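Worksheet: the structure to be examined is printed underneath.
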């Protein structure tokens, strides 16, 4: 079964890519999250996904 297409899931895949494939540090990944854009989702969805991801990365 495929994952639901949401901004949160899309961002999680990018975060895994940045860590595992690019070898970025946590602070570098946070900067990527802050600058992340995806026109498939509304600004509200993007901001919610970003805020949640940053909160998780900083904890």
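In the UniProt record's numbering, the protein residues as written are 1 to 59. Even glycine gets a Cβ: it sits at the ideal position worked out from N, Cα and C. Note that the coordinates shown come from a computational prediction; the quantities given were computed from them, not determined experimentally.
{"Asked": "Compare the beta carbon distance of residue 29 and residue 50 with 8 Å and say whether it is the shorter of the two.", "Found": "no"}
{"Asked": "Identify whether residue 37 lies in helix, strand or coil by the three-state DSSP scheme.", "Found": "coil"}
{"Asked": "Report, in whole angstroms, the separation of the C-beta atoms of residue 18 and residue 11, which I expect to be a contact under 8 Å.", "Found": "So it is not a contact: roughly 10 Å between Cβ atoms."}
{"Asked": "DSSP on residue 4, reduced to helix/strand/coil?", "Found": "coil"}
{"Asked": "Please state whether the Cβ-Cβ distance between residue 9 and residue 36 is less than 8 Å.", "Found": "no"}
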